[in-house]
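Let me begin by presenting the structure, written as structure tokens, before commenting on it.
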Amino acid sequence: MKVKICGITRPEDAAVAVESGADAVGFILYPRSPRYVDPQRAWAIARELPPFVTRVAVCVNLSICDIIRIERVAPFDAWQLHGDEEPDVAQALLPRRIIKVFRLGEGDAPDVAEWQGNSSAFLLDTPGPGYGGTGRTFDWQSAADFRATSPRPVILSGGLGPHNAAEAIRTVQPYAVDVSSGVEEVPGRKDHAKVRDFVAACKGALEKARSGL
């Protein structure tokens, strides 16, 4: 079970995430986000991270050319497609690691058939206006049902924090969890105590699952 701390804008926040045991950190390259960081600044932070930490670029509706252009100055380990991208974008970016975001609300589960051959993982988030995180949870049982039949590993996001991470993990049993606003002081600035508590809660839930508690 992996943990991703997203919305990193400062070196000290990235350092605390790593020290706490996070497996991945995310940098939001969407200018309309309050957690936006430009690619060069993001890479200046990302390149200092240990090699075992996955560095994820979060983008919204960038063209293939834009992503390749950014990669020339910021070669991230994975790209999270958080907008209305078509599957051919991910196909063109292979063999890069692609995380495709789906918003899981009421109604039918998203159709992932066209994404399963070009994505490394699917991230489930809460529906909402725009493309930013809502900070709200959604029906975890729906997420568990999706995960049970998903052809790719599932990352759970949406309203997670130190207070509910363990319950979410027990219910959904995801491959990974993703948090941003749930461990912040204000948008773009992490609360270091919350980061530590969140990672500890996630790892603790994993240990309990392994021990059958």
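Just so we're aligned, residue -19 is where the sequence shown starts under our numbering, counting upward by one.
Ideal placement from N, C-alpha and C gives every residue a C-beta, glycine not left out.
Taken through DSSP and simplified to helix, strand or coil, F56 comes out as coil. Counting along the chain, the unbroken beta strand (DSSP E) around I8 starts and ends at 4 to 8.
Rounded to the nearest whole angstrom, the CA to CA distance from S122 to L104 is 10 Å.
Taking the C-beta atoms as reference points, L9 is found no nearer than 8 Å to C45. Per DSSP, T34 is one residue of the beta strand (DSSP E) stretching across 34 to 39. Of A(-5), R83, I79, the smallest CA-CA separation from N98 is found for I79. One thing to note: R116 has its Cβ within 8 Å of the Cβ of T106. For A26, the closest C-alpha among the options I(-15), V163, D68, V134 is that of I(-15).
A Cβ-Cβ distance of about 5 Å is found for the pair A181 and P142, placing them in contact under the 8 Å criterion. The bridge partners DSSP lists for V81 are L103. Assignment of D68 by DSSP, reduced to helix, strand and coil, places it in the helix class. Burial check for G138: the Cβ neighbour count within 10 Å reaches 16 or more, so the residue is buried. Here V36 is near A4, since their CB atoms are less than 8 Å apart. At least 8 Å separates the beta-carbon of E165 from that of D158.
Ranking S43, A148, I48, V175 by CA distance to the CA of G63 puts S43 first. Closest option to A185, judged by alpha-carbon separation, among R127, P90, G6, E147: E147. Within the same chain, P67 come within 8 Å of E94 by CB-CB distance, once the 5 residues on both sides are set aside. Between R132 and V152, the gap from beta carbon to beta carbon reaches 8 Å or more. Annotation: E(-1) is outside any beta strand (DSSP E); the continuous alpha helix (DSSP H) that includes it extends over -9 to 0.
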